[in-house]
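Number of protein chains: 2
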Amino acid sequence: MTYDHFFAEALMRLHEERRYRVSAEMERLAGRCPSAIWHSSQGSKPVVMWCSTDYLGMSRHPKVVAAMMVTAINTGVGAGGTRNFAGTNRPLVELECGLADLHGKAAALVFTSGYVSNQSAISTIARLIPDCLILTDAFNHDSLNEGIRQSGAEKQIWHHNDVAHLERLLAAAPNRPKLIVFESLYSMDGDIAPIAVICDLAERYGAMTYCDESHAVGMYGPRGAGVAAREGVMHRIDVIEGTLGKAFGCIGGYIAGTHNLIDAVRSQAPGFIFTSALPPPICAAAIAAIQHLKESEKEREQQQKCVARVKAFLSAAGLPLMATATHIVPVTVDDSAKCRLAGELLLRDYGIYVQPVEFPTMAKGSGRLYITPTSLHTDDMVVALADALVDVWKRLELPLRLQMRAAA
Amino acid sequence: MTYDHFFAEALMRLHEERRYRVSAEMERLAGRCPSAIWHSSQGSKPVVMWCSTDYLGMSRHPKVVAAMMVTAINTGVGAGGTRNFAGTNRPLVELECGLADLHGKAAALVFTSGYVSNQSAISTIARLIPDCLILTDAFNHDSLNEGIRQSGAEKQIWHHNDVAHLERLLAAAPNRPKLIVFESLYSMDGDIAPIAVICDLAERYGAMTYCDESHAVGMYGPRGAGVAAREGVMHRIDVIEGTLGKAFGCIGGYIAGTHNLIDAVRSQAPGFIFTSALPPPICAAAIAAIQHLKESEKEREQQQKCVARVKAFLSAAGLPLMATATHIVPVTVDDSAKCRLAGELLLRDYGIYVQPVEFPTMAKGSGRLYITPTSLHTDDMVVALADALVDVWKRLELPLRLQMRAAA
């Protein structure tokens, strides 16, 4: 029997459904962020990246880079094994203290990625609660869904951000443990969960809460502790999950909660136990980023200013912007072929890298261009982005809204 | 309803079963590897680590550390997002080329950890093969088992390294696709799979093969390509999985195989798609380690010499060494309480860090001390290790074998 045809056929299906994707090769330039070199078969050229989760440019912050370098010299690159086997490293212990402090929790636990943290933590937590019912938001990230699936626990999906629906589901399961799983900030629609109401419901119906703050930590709330902190309800959430790979500019994920919960997950989660620890230079870099963003408002202010500017310019130009209350700026394109083409033209002809997102992330036939303004984009870059988008819209005969108001 | 008691109870059960573990805090010293500083509530003291998967000391190799530093300066720490969203980074592309070359395969794909590579690759591969039957070795690592579980495919477990049993299972399922999942080198018993026979059987019964070489890459075979390469059968294996976190001294995992297989996994595996890419400085460090170990035999020779010396000294001293044909040196202790105590005494009184492994990894009541000699342990360290073990054995009244032969 030959097997390669199974994989060739899977690829053919993706091509037929126009779902086959190739990642552009981008060489990010620390000194000129958000500029990068795009390497393709046609050669190399400079581009501006408008598509990254390094929202505050912390990956190239001198303190962060220096922390990685010093630690690499002192302790080497890798951790040398799992934490049980090769011991835990000092920067990892310090990182967990810093994260617990950030979220006002007793303890924190670091995983090798945000994806792994959700997958491992939820599956372990739910397994430790007999007869646990998981109530999960319909728009939750794949990593949360994977953790729920692996837990084997019963789950019920509540309509996205619909607290009335959540309440009906809670009320219908009065005499059993319940875990509410949600995100504070959903990256696809750029919208915010009604966290305070979810906490009210959790308290009223005796449920536990697990909140993914991946797209919010570093960027919102006092000391960058996230949206729940901004809304004054962080202390009411049982488990806060976050990532070190977006605003903190590194890689890794974590949960923060009570001593017992963190210690139980540490002791029981296979995805934590049987995997090499995060390298000390990564931990040190993350510590530097978190510490800096606890003290500095500058990056958050600059990013928010840039977000407002991008929204104002694109809106004034008549581009079909989705309204969001966050740093996520999706531009809708009601034709997925044109959406993909727009991304290609922007990259090839205007040196602007924006990722088109299509089916299955979007409904079939439609698409979106995701623009993520960072603290490092300049005013000139915003103008160039708006001009390029308008030009591409005209070339592709996409509709521009008539706008009366001038650019902000 | 309160939830903390669920976690407190889980911890109590672990304590009752004597399974509760605390990771020692080790500050590895790049310049004096395998020495480290052990930080505990009693203060800090220097120790020698005999327990690490940084088998060849590559995590502190000047080329590896320099590659991390230069790349951190040039591109920053983090990758800035998933590969689909933020683009793929140049060191990652080069790393995958180097890995494909190492294993003589058409392509390779890098994941954020070895654990994730097994979990994501196997679950995706098996899902793409309709009616796939997975035949899995009984001693396979948790990450392989997790991938199998997530695939939802039917599985049958063959007795560890028992090719007669494997053949019976293969013969019993003639008319369906079959995937044989195994490791080349099992870290718990330090034994080697009969890879050539497995390949024979796979060809005879039309099965596909997936071989985890995590504990072998960098250390065995020409250019450090692993045990399958050493035995001249690497080209007969469909998928080779390896880690960047052990002999290569970094973090991350990978698979190597045909273009179609790698491209299909890249396009379909959630654990690959929805997670931030490995940071460029990590990729660059891994490239340096792999390249160095393709060319240099020195580290492999030094490690093997140290392994032979440890085995000879411990055996001559009458310590109950398990016979292995690999770099894994397990010392058996038929009393799990004394096993744990031995680890504590070695660390506290002799400055030697060796990890005791007990239930559930071992059968209940028994334990093992895992010793992993590296290329950087000196002859004096080996003597000190043997002396300390003998001393601890006497203090704990553990049996020493009478040995006639002198130390090698």
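Note that the protein sequences, when read in sequence, are chains F and B. Quick note on numbering: our numbering labels position 134 of the first sequence as 134, and the sequence is numbered without any gaps. One rule links them: number in our numbering = place in the second sequence (from 1) + 1000. Think of the CB as a built atom: it goes at the ideal place given N, C-alpha and C, for glycine as much as any other residue.
Could you check the C-alpha separation between residue i and residue j for me, to the nearest Å?
| i | j | result |
| --- | --- | --- |
| Pro1320 (chain B) | Leu1369 (chain B) | 10 Å |
| Thr1071 (chain B) | Ile1282 (chain B) | 9 Å |
| Ser143 (chain F) | Lys1311 (chain B) | 44 Å |
| Met404 (chain F) | Asp387 (chain F) | With a pLDDT of 49 at Met404 (chain F), under the threshold of 50, the modelled position of this residue cannot be trusted; read the value that follows with caution. Cα to Cα, the separation comes out at about 17 Å. |
| Glu27 (chain F) | His1159 (chain B) | 48 Å |
| Phe237 (chain F) | Pro1130 (chain B) | Before going on, a small fix: residue 237 (chain F) reads as Ile here, not Phe. Taking the straight line joining both Cα atoms gives about 43 Å. |
| Arg1230 (chain B) | Asp1200 (chain B) | 17 Å |
| Ser1035 (chain B) | Ala1024 (chain B) | 14 Å |
| Val357 (chain F) | Ile1125 (chain B) | 25 Å |
| Asn175 (chain F) | Gly152 (chain F) | 19 Å |
| Met12 (chain F) | Cys1339 (chain B) | 55 Å |
| Ala1406 (chain B) | Ser1366 (chain B) | Low local confidence applies: a pLDDT of 47 at Ala1406 (chain B) is under 50, so the model's placement there is unreliable, and no value is given. |
| Leu478 (chain F) | Gly1031 (chain B) | Limits of chain F in this structure are 1 at one end and 408 at the other, which puts residue 478 (chain F) out of reach. |
| Glu1203 (chain B) | Phe1085 (chain B) | 40 Å |
| Glu1295 (chain B) | Trp1050 (chain B) | 26 Å |
| Leu169 (chain F) | Val22 (chain F) | 41 Å |
| Gly1343 (chain B) | Gln1355 (chain B) | 6 Å |
| His1015 (chain B) | Ser214 (chain F) | 33 Å |
| Cys1306 (chain B) | Ser1184 (chain B) | 22 Å |
| Val1392 (chain B) | Gly1043 (chain B) | 22 Å |
| Leu385 (chain F) | Ile251 (chain F) | 28 Å |
| Asn1260 (chain B) | Gly232 (chain F) | 50 Å |
| Lys155 (chain F) | Thr1053 (chain B) | 39 Å |
| Val1093 (chain B) | Thr1112 (chain B) | 14 Å |
| Ser120 (chain F) | Leu128 (chain F) | 12 Å |
| Leu389 (chain F) | Ser1267 (chain B) | 28 Å |
| Lys1394 (chain B) | Ala269 (chain F) | 37 Å |
| Leu400 (chain F) | Ala10 (chain F) | 37 Å |
| Lys1045 (chain B) | Leu1029 (chain B) | 13 Å |
| Ala1216 (chain B) | Ile1287 (chain B) | 17 Å |
| Asp334 (chain F) | Lys178 (chain F) | 39 Å |
| Arg83 (chain F) | Val110 (chain F) | 11 Å |
| Glu1397 (chain B) | Val116 (chain F) | 44 Å |
Rounded to whole angstroms, how far is the Cβ of residue i from the Cβ of residue j, which I believe are closer than 8 Å?
| i | j | result |
| --- | --- | --- |
| Ala108 (chain F) | Ala337 (chain F) | That pair is no contact at about 45 Å. |
| Gly1242 (chain B) | Gly1253 (chain B) | 7 Å |
| Gly245 (chain F) | Gly114 (chain F) | 6 Å |
| Val1181 (chain B) | Ile1148 (chain B) | 7 Å |
| Ala264 (chain F) | Phe1007 (chain B) | 4 Å |
| Ala247 (chain F) | Met208 (chain F) | Not confirmed; about 26 Å, so no contact. |
| Val1163 (chain B) | Ile1192 (chain B) | No, Val1163 (chain B) and Ile1192 (chain B) are not in contact; Cβ-Cβ is about 13 Å, not under 8 Å. |
| Ala225 (chain F) | His61 (chain F) | At roughly 19 Å, the Cβ-Cβ gap does not stay under 8 Å, so Ala225 (chain F) and His61 (chain F) are not in contact. |
| Asp1410 (chain B) | Asn1118 (chain B) | The structure shown does not extend to residue 1410 (chain B), since chain B spans only 1001 to 1408, so no value can be given for it. |
| Gly318 (chain F) | Leu376 (chain F) | So it is not a contact: roughly 27 Å between Cβ atoms. |
| Gly1081 (chain B) | Cys33 (chain F) | At roughly 13 Å, the Cβ-Cβ gap does not stay under 8 Å, so Gly1081 (chain B) and Cys33 (chain F) are not in contact. |
| Arg309 (chain F) | Asp379 (chain F) | 7 Å |
| Trp1038 (chain B) | Leu1314 (chain B) | About 22 Å separates the two Cβ atoms, so there is no contact after all. |
| Tyr210 (chain F) | Ala171 (chain F) | Rounded, the Cβ-Cβ distance is 20 Å, inconsistent with contact. |
The region 1337-1352 of chain B / the region 1275-1282 of chain B touching (three or more Cβ pairs under 8 Å) | no
query: Taking any Cβ of chain F, which residues in the region 1205-1226 of chain B have a Cβ under 8 Å from it, in chain order?
result: Gly1206, Ala1207 and Met1208
Practice item. Return the chain-ordered ranges of every beta strand (DSSP E) run that is complete within the region 196-284 of chain F and spans a minimum of 3 residues. Key: 207-212, 239-243 and 253-257
Should the region 328-337 of chain F be called in touch with the region 367-385 of chain F, which here means at least 3 C-beta pairs below 8 Å?
yes
Taking a Cβ distance cut-off of 7 Å, strictly less, list which residues of the region 80-93 of chain F are near chain B, in chain order.
Gly80, Gly81, Arg83, Asn84, Phe85, Ala86, Gly87, Thr88, Asn89, Arg90 and Val93
Evaluate the contact criterion for the region 1081-1092 of chain B versus the region 297-312 of chain F: three or more CB pairs, one atom per stretch, below 8 Å. no
### Message
Is it the case that the region 1186-1194 of chain B contacts the region 1135-1149 of chain B, given that we only count it when at least three CB pairs across the two stretches are under 8 Å?
### Response
yes
Q.
Within 8 Å, do at least three Cβ pairs link the region 1063-1078 of chain B to the region 1282-1295 of chain B?
A. yes
Exercise. Curious, which full-length beta strand (DSSP E) runs of at least 3 residues does the region 48-122 of chain F contain?
Worked result: 107-111
If contact is defined by three or more beta carbon pairs under 8 Å, each pair taking one atom from either stretch, is the region 71-85 of chain F in contact with the region 45-58 of chain F? no
task: Give the residues from the region 1245-1274 of chain B that approach chain F closer than 7 Å (Cβ to any Cβ), ordered along the chain.
output: Gly1245, Gly1249, Cys1250, Ile1251, Thr1258, Asn1260, Leu1261, Asp1263, Ala1264, Ser1267, Gln1268, Pro1270, Gly1271 and Phe1274
May I have a chain-ordered list of the beta strand (DSSP E) segments no shorter than 3 residues that lie completely inside the region 116-180 of chain F? 133-137 and 154-158
Identify each residue in the region 39-51 of chain F for which the Cβ-Cβ distance to at least one residue of chain B is less than 8 Å, and report them in chain order.
His39, Met49 and Cys51
message: Taking beta-carbon pairs under 9 Å, can you tell me which members of the region 1107-1120 of chain B lie near chain F?
response: Thr1112, Ser1113, Gly1114, Tyr1115, Val1116 and Gln1119
Residues of the region 3-19 of chain F whose Cβ lies closer than 9 Å to any Cβ of chain B, in chain order:
Tyr3, Asp4, His5, Phe6, Phe7, Ala8, Glu9, Ala10, Leu11, Leu14 and Arg19
**Q.** Entirely enclosed beta strand (DSSP E) segments - the region 303-384 of chain F, minimum 3 residues
**A.** 329-333, 355-357 and 367-371
*Could you run through the region 366-383 of chain F and flag, in chain order, every residue whose CB is less than 7 Å away from some CB of chain B?*
none
Review point. Closer than 7 Å, Cβ to any Cβ of chain B: which residues of the region 175-207 of chain F, in chain order?
Key: Pro177 and Gly206
Closer than 7 Å between beta carbons: that is the criterion. Which residues of the region 1051-1072 of chain B meet it against chain F?
Cys1051, Ser1052, Thr1053, Asp1054, Ser1059, Arg1060, Val1064, Val1065, Met1068, Met1069 and Ala1072
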